[in-house]
Structures are given as structure tokens and as C-alpha cells.
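Residue numbers (the UniProt record's numbering), protein chains in the order written: chain A, 1 to 456; chain B, 1 to 451. No residue lacks a Cβ here, since even glycine has one placed at the ideal position from N, Cα and C. This report concerns only the one structure given below.
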Amino acid sequence: MTRDEVSKGSDDMMIDEYEQKQGNVVPDGFNSHYLKVYYGKLFPYADIFKWMSYGNDGKHPACDQSYFSRREFSFTLDNEVYLRFQSFNSMSELENSVKEKCPVKIDIGPVYSVDPSKRHAYAQSGDNVFTPVERELIFDIDMSDYDDVRYCCSGADVCLECWPLMTIAIKVIDTSLRDDFGFSHILWVYSGRRGVHCWVCDGKARRLTNEQRAAIADYFRVYKGNENSHKKVSFTGLALHPFLARSYTEVLMDFFERKLLLSQEIFSTEERYEKILDMIPDPDQSITSELRGKWQEKRRTANSKDDINVLRWEQLKNVLQSGKHKVQGLRRCVEEIVFSFTYPRLDMEVSKHMNHLLKAPFCVHPKTGRVCVPIDPNRCEEFDPTAVPTLSNLLEQLNIGGLRAEVDNDWDRTSLGKSIRFFRSSFLQPLLKSCKEEMESSYSAKLQQSKNSFSW
Amino acid sequence: MEPFRSQRKLIVNDVVSTLPLYRSAPALEVRLEEFELFALDRLRVLKGISDALSRGRKPEEMEKLAIDLWKTNMRHPQASEVINKDIISHFVLRLVYCRTEDLRKWFLSMETALFRYRFKQEKQEAQRALMAEFDLPYKAVSSSEFESVKEKLVLVSRSLGQSSPTADEIFFKVPFEEVPELVAGRRVFISKGHAYIAMSQVVSLVATQFRSHLSKALILTNRKWTTTIAEQEKDRLTPIVEALSSSYLGPDYSQPKEFALISLKDIDDVAKSSFPLCMRHLFEKLREDHHLKHGGRMQLGLFLKGVGLKLDDALAFWKAEFSRKVGAERFDKEYSYGIRHNYGREGKRTDYTPYSCQKIISSTPGVGDHHGCPYRNFNEENLRAALNKMGVTGRAVGDVMDKVRNRHYQLACTLTFEAVHGSSCDAGINHPNQYFSDSQKIMQSKNQSAA
Chain A
1 MTRDEVSKGS DDMMIDEYEQ KQGNVVPDGF NSHYLKVYYG KLFPYADIFK
51 WMSYGNDGKH PACDQSYFSR REFSFTLDNE VYLRFQSFNS MSELENSVKE
101 KCPVKIDIGP VYSVDPSKRH AYAQSGDNVF TPVERELIFD IDMSDYDDVR
151 YCCSGADVCL ECWPLMTIAI KVIDTSLRDD FGFSHILWVY SGRRGVHCWV
201 CDGKARRLTN EQRAAIADYF RVYKGNENSH KKVSFTGLAL HPFLARSYTE
251 VLMDFFERKL LLSQEIFSTE ERYEKILDMI PDPDQSITSE LRGKWQEKRR
301 TANSKDDINV LRWEQLKNVL QSGKHKVQGL RRCVEEIVFS FTYPRLDMEV
351 SKHMNHLLKA PFCVHPKTGR VCVPIDPNRC EEFDPTAVPT LSNLLEQLNI
401 GGLRAEVDND WDRTSLGKSI RFFRSSFLQP LLKSCKEEME SSYSAKLQQS
451 KNSFSW
Chain B
1 MEPFRSQRKL IVNDVVSTLP LYRSAPALEV RLEEFELFAL DRLRVLKGIS
51 DALSRGRKPE EMEKLAIDLW KTNMRHPQAS EVINKDIISH FVLRLVYCRT
101 EDLRKWFLSM ETALFRYRFK QEKQEAQRAL MAEFDLPYKA VSSSEFESVK
151 EKLVLVSRSL GQSSPTADEI FFKVPFEEVP ELVAGRRVFI SKGHAYIAMS
201 QVVSLVATQF RSHLSKALIL TNRKWTTTIA EQEKDRLTPI VEALSSSYLG
251 PDYSQPKEFA LISLKDIDDV AKSSFPLCMR HLFEKLREDH HLKHGGRMQL
301 GLFLKGVGLK LDDALAFWKA EFSRKVGAER FDKEYSYGIR HNYGREGKRT
351 DYTPYSCQKI ISSTPGVGDH HGCPYRNFNE ENLRAALNKM GVTGRAVGDV
401 MDKVRNRHYQ LACTLTFEAV HGSSCDAGIN HPNQYFSDSQ KIMQSKNQSA
451 A
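This is the structure in C-alpha cells:
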């Protein structure tokens, strides 16, 4: 299909909708026809290009002109065909290829030592000439990993009752990346369906080795997935590590007691509270039977205005923290329960290896039609995954806007505009500024060095 | 050659360390015999560490074990020669283990582990001297800075179940990237990209440096080896180096054990019950295709010899299969020689030794080959199918795959052994013939208790 046909297509659509007298309703969902319009008018190529160039697209003598072209992109096409190792020399090459192929998903990989599309030419020479040299530090958090601690949905579904789990993850990880690890150029993105992605883009982060990436991922790992053990979080020390202690007091406890306890009704049924009683180390069963006894008496004794979940949680805390029981391992049990129900669960493999691919921001999720928009970590509590721009409502907005005066950018007339402006002002501009500074200081250091070596 | 920096005793504030950093190759004259003997002694130490690690020994045990190994193997009658033996053996093994990715990886891990244990044995002053030797520019944290983060440092110590740090304890502030293992274990306080490490944790910092230097050096050595040394030394060092890399220091399986004699009629049953996957695969392929390429004939043929198949039986066994494909006449002409050769009846008349796991794992089978280590060479799907066929199912398969993913092929084989036999194998699998004899032992004791 050519571009003309595409725009004609959208004109037709506009007319149809007028006939329906429904204003500009574009049917929900996702199809490659809509996607063509999206890639034709809305996808922010220039911003992605600027970002992925990290300042190397300028005129400065220290610019590495090959930088962008050594980045791997990979496209998933409509017919499940997967094109890996795509690379582009310029923004327009990227733009033309995306428009032509209309991928349902664009993934971004690492920057390689050589142009990935020419990798076969280097394969013969041995010695691993084709190897990843830079890659953002990335995190992938997926709601389906929380299925044992959410009762509202499961699998790929998310709702506003369980979404706070993602909010917690953003808060905990973002704070640690900045305060502990000293990173500052961090982009959070909604994955389009059931989770969030994080891109840490500081030069230092991009140059981490696999071993160092794994170390950071392990630093964040608390939850140990093993279906054979009841307790998935276990603290044995006399205190929590400062990072865990801070996460607990500043984020986890608050979200657990204020939100999840109620929204997930964590203590509401026998099956649910038994799961928590299972987490209490209690060799002679005295604690668990005491609590079970209280809870089996139904709501009779409960004051009707108190929520049963809150009540039972308070009872559990009282019993565990009373100091009456001298059981080994009881000390950290309240913390372990809260961590189990709230602490972020990362997909470790994604973070550990430089060559892992991650979906590009501003892609459209093929199942939900939602755009993968950035999330402001400072206001992540306000983020609503069900209210992000979708392919169909962006097309509606385009259709309305089409009747108005011309604007510079098509996206400015849609709800995507806000996301792109946020991407630029809070992420891209500060990033490019520091790239430029880094480039200049390393260049002048190099000049100084070569000057020194001549100064005899 | 460059002046030998590490050879001099390191003296800072009158502290003497005997732990060399192996920065550059020694300008020493070495007798060829010592060249090989020193290397073999060091290899025994590294191999011992490797075996103990793969058996999952605890860190506390490892340190003592490694130091004992070192003391036993790296002695020298002349005290002044001890450090030379240390340095020479290290550089010889560098040549031996620089040549493939897997060899480098193994050598790097074992040398780093060894360095770590030896570093911990040093006194604090010597440790600081070694830090200086590495040009690590980190200064101890000042007492005012210590006070400002003391609360956090106390939390970290308590979270690890250690006593709280005191004001006179030395801490260093280093970029977190330099101490990945301490970061991974949350064993340090990290703030704004810097990790605060205690003197007792410096070993981690130094070992990371040691590892990264050695890693780069091995790549360079490999380049030098392939471009110049191998050719220049083809009559002198090259054969020694090549022999060393495949040398196996465990028990000798070339002579079958007393109970092990097997006869042709039992061979199918025995293959099912007691062959490790690598041999089972070859055996089945031979039955299926009536042919195996050279690498497969060697690997399986020598294994069968170790298992106790006598030469006449071996000839009959191979002939029965091969003649169905190539005819009896061609077998007699082309293939029987090789079998007699393996049994030391032709050519050099050496009684060849069955291959060890290390040799099998490092072999590189090509198209149409079936030898090598299946845990290393099979893709996940094929490996799962092969394991199921051996009767390994459920969780055990997942455990095996886990080891495979981490490249612990021998551990994967050990877990398979345990799943198949329903009993533990504490020594781990190091040799296909060991797998076989351990398996037979279990089968016999089961038969006896059943009878």
C-alpha cells in the first residue's frame, strides 16, 4: 500500500464516521491499517534518533559518526516474521524502513562493535569482532510475575486494583538507581499491557559489563522463585540492608497498609489468610493457631465499621511483635510478609545481558492498541494504564484535528503530544546536555594529553 | 624480554608479600623438564579447586582446601625457588589455557579463586601493599566521613550477621562497578555510585582487578601463540603445551576394573543402565546408522575398552555394525586397524586412555559428528528429549537445564546420574568411565539387596 492510499483510507474513515453521527469514533483495536497512519503521522522518529545518537549526530570533532548505525533494531512484522539486526545510518533511513515495513513491534538492542547488518562480513575473521559494546541498563517488570499476590486479575490482565504494584516497583527501583547507584538519566515506559520498562541511559550505565549488570539486578533481588518453599522472601540478618530498610519504610509498608491490604483483600478468606499463616515460622503451631482461632470466629466480634483485612493484619502484627513468642526467625516476619506482597519482581535475564532486546518506547501494543508512553517517576501514582493514548483514539483525534488549521506536528493535536513533550523535557534534553558535556570534557582531556606528549 | 616486575619481593613499609601478580612473563631460564613438571603441579592445585567448587564446597572449606593443595603441590626443595616455581607454572599454564574460550574461562576462574584464597592468607599490611601494587588509587575513608555514614555501615554489618564496625576499622570508598560481587550480595553500603568496603572485603576488589588483568592477558597470549609462538616452538614447547591441555589428572581408566568385564550379549542392557548420555548417544547412533565418524569411534571405542570390552569382542562389535553399511571387507581394511590401534596393537603400540569429561567437553564436533558432551552441544529441546529417554523427568530436568545454562556440564551430568540411579553422587562426574563404574556399583548393590 502506498502512502496516498493510506491517507485516502483515513479520509474514507472520517466520512464513514460522520455518517454514523458518532463524531469521530474509530473502532477499538489494532490493525495494520491504523498502524500505518500512526507510523506515517505520529511516531516520533526524530526523538528516538536523537536519543539513540547520544550526541554523536552533531558536528563536534569527538562525535562518533558510526554510533547510531551500530545500534541493533529489530522488527516484528504482522505475519510473525522477525527481522533482527536491522541498522540505519540516519533518521530518515529508520523512518523509511519503519514506514515501509510497518512492524507491529520495534525492539531496540545494543550498540555493537560493528554495523550489525554487516556482521557476517566480520564473522570470518574470528576473535569475536562482532560483539555488543554499549547498552542501556534495562529493567523489565511484568505483572504476570505477581500472580500469587494479586486476586483481582491474573496473567496478562491488569486493573487499577493491582497497578499499584507497578507504582511500587517504579518508586523503589528509581530511588535506588538515583540515590544508591548515582544514575540520573532514567526513562520509565509503560509496556503497553501489563508492566513497565526502565532504561538507564547514563554513559556509565551504558558501558557496564554483563557482570556488573548482573550485580545490580541481584542487588534488587529479594524474591526467590521456588515453588517448593513456602516462604519466598527470607531475611536472616539482624537488620535490613539500608536499601531494603529505606524501601520498606518509605514505600512498601505504606502501600501495603494503605492500598493493597484493602484492594486485594489479602485476609478476606480462609484460603488467603492461610497463605500468610504459612509464612510464619512456628514450629509448635502456637502462633498460627491463636490467629486462626480469632479469624475463624467469623465477623461476629469485629466492629462492623472496621475492614476485616485491616483488623486481621493488626491482630497478626500484634501477635508477632508482642515479643511473647521466642521463635527463631519471627523477628523479620512482618517485613517478610510485606515484602512478599509488594516488593518489585524483576525479570532478571533482561537486565543481566547487554544483548537483550527491549521494546522501543512509543510502540503500540498489538493486543491492547495502547501506546508505550513514558511514565513520570515523580508522579507515577497518577499513572493510569487504562487511560493511555490508544491507536484508535489517536486516529479519532487526528480526524478532528484534520478539520482545523495546520499545526507543526500532527502529534501536537493528539493526546500523544503530552507524552512526547514529557519525553523531551524531562528525559531527552537533560540527557543530550550531559552527553555534550561528557564529549567535550573527554575531548579536551585527549587534546591535553596529546599536547603533553609533544611538549618536549 | 621485559624486566620481570613481579619477581622482586614486594616491599612496602618492610612488609613482604610472596603473592605475585604475574604482570609480565619472567626472564628466567627454565629447564624443559621443569617447564612441564611445574605446570603439572600447578594444574593439580587448580584441578583440585575446580573439583571442590563443582561439588559445592562452602567458601570457608574452600579456603583451607586450596591452601592445603597449594602447600602440597607447590613446594620446592630450595626455598628460593618456590616463588619462581609459582611464576613459571602460572605462565606455562597461560600458554596452555589461552587457546580456546572454554579453556580461558576455566583457567581464569581457577586462577582468580586461587589468588583470592592466597590473598586472604596475607597480613593486612601485605594486603595493602598488594593494593598499591595494583595501582588502586583508593584512600581510606576519613573519620569524619566514616561518622556520616556509620549508621548505614552498621546496618549492613548487622544485615550480614556481623559485628558493627568500629571507628578504627578501615573503609575504602570505591566505584560500585569495581566490586560487583559485593553489590550483588548487598554486602556493602552504596551511595551515589560509591560502595563503602571494609578492609576484610578488599579481597573482592583486588580479585576483580586480578581477574580483569588476567582476562586481557589471556587474549593477548592467545594472539601471540597463534601468530608466532606455536610455529617457532613447534618442535620444543608446542607438543608439551598441547599435551598439557588435555592431560587428565584423575584415576587412570585405561585398564578395566575387576568387575567390569562386559560381554557382547550384555552390551545393550548395560548401555541403557550405566552409560552416561555422551556414550549412550554414540551407542544409539551407531546402532541406528551403522556408522560413526572418527571422533565418535575414538570417544566410544576407548570408553568401551575402559568398560572392559576385550579386543576380540570390540572388533566383533564394530564389525557387526559397520559391515551393514560399508561391508565386511571394507571394515577389515579400513576400520579394524583403528580399533586395534586403540588397544595398543598397532602403530606406536600405546595403550590409549579413555577420554575424560574435560577432553570431551572441549572437543568440537562438526557436521555429522555425534561425539562431544551432549550437555554442551545439544540444544535445549534435544537435551530435554534425551533426558526423558533416560528416564529423567519433572523437576530433575529443570535442575539439569539450570546447570547447563551456567555451563556446568559435569554438574548437569552428575544430576542426571543421581536422577537415573536415585542415589547421590558426592564425588561428581569427572569421567565417563567413572560414571559407568559408579553406576555398576549401585546396580550390583541393588541386585544383592534384592537377592
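query	result
Span of the alpha helix (DSSP H), counted from its first residue to its last, around F303 (chain B)	294–307
L160 (chain B) at chain A interface by Cβ criterion, 8 Å	yes
Bounding residues of the alpha helix (DSSP H) (the contiguous stretch that carries V149 (chain B))	143–159
7 Å CB neighbourhood of D142 (chain A) in its chain, flanking five on each side removed	R194, G195, D347
Spatial neighbours of Y443 (chain A) in its chain, beta-carbon cut-off 8 Å, leaving aside the 5 residues before and after	H60, P61, A62
Inter-residue spacing [alpha-carbon to alpha-carbon] between F362 (chain A) and C152 (chain A)	28 Å
Contact list for the stretch 422–456 of chain A against chain B, Cβ threshold 7 Å	none
Classification of K216 (chain B) by the beta-carbon crowding that lies within 10 angstroms, buried from 16 upward	exposed
Closer than 8 Å to chain B by CB, Y219 (chain A)	yes
Near-chain B residues of the stretch 183–199 of chain A - C-beta to any C-beta below 7 Å	none
C-alpha gap between F139 (chain A) and N406 (chain B), whole angstroms	21 Å
Exposed unless 16 or more other CB atoms sit within 10 angstroms - verdict on P26 (chain B)	buried
Inside the stretch 180–222 of chain B only - alpha helix (DSSP H) runs reaching at least 4 residues	180–184
Residue-chain proximity (R94 (chain B), chain A), Cβ-Cβ < 8 Å	no
Selection of the stretch 232–250 of chain A by Cβ proximity to chain B, strictly under 9 Å	F235, T236, G237, L238, A239, L240, H241, P242, F243, L244, A245
Segment contact flag, the stretch 169–179 of chain A with the stretch 239–252 of chain A, C-beta cutoff 8 Å, min 3 pairs	yes
Continuous alpha helix (DSSP H) stretch holding L165 (chain A): start and end	164–175
Reduced DSSP category for E72 (chain A) - H, G, I as helix; E, B as strand; rest coil	strand
Integer-rounded CB distance, given that L428 (chain A) should sit under 8 Å from W51 (chain A)	6 Å
Inter-residue Cα distance where the pair is G366 (chain B) and G422 (chain B)	34 Å
Length-filtered (4 minimum) alpha helix (DSSP H) runs lying within the stretch 92–126 of chain B	101–121
Inter-residue Cα distance where the pair is A387 (chain A) and P175 (chain B)	41 Å
Option nearest H371 (chain B) by Cα separation, candidates B:L292, B:V188, B:L411, B:K150	B:L292
Proximal residues of chain B, C-beta to C-beta of F181 (chain A) below 7 Å	F176, I190, G193
One or two residues paired with I375 (chain A) in a DSSP bridge	A:W188
Collapsed DSSP secondary structure at K324 (chain A) in the structure displayed	coil
Beta carbon proximity, K71 (chain B) to chain A, threshold 8 Å	no
Option in A:G55, A:V26, A:D47, A:Y45 with minimal Cα separation from S434 (chain A)	A:G55
Per-residue DSSP class, three states only, for L238 (chain A)	coil
Given K232 (chain A) as reference, the closest of A:T342, A:K259, A:S117, A:H353 once Cα atoms are compared	A:T342
Buried versus exposed, by CB contacts within 10 Å (16 or more), R71 (chain A)	buried
is_contact[residue 453 (chain B), chain A] using C-beta, thresh 8 Å	Outside the modelled stretch of chain B, which goes from 1 to 451, sits residue 453 (chain B), for which no answer is possible.
Spatial distance of L46 (chain B) from F107 (chain B) (CA atoms)	8 Å
Reference G203 (chain A); option with closest CA among A:E271, A:C380, A:V133, A:W188	A:V133
Residues sharing a beta bridge with D140 (chain A), DSSP	A:H197
Residue span of the beta strand (DSSP E) that contains P110 (chain A), given as start and end	105–112
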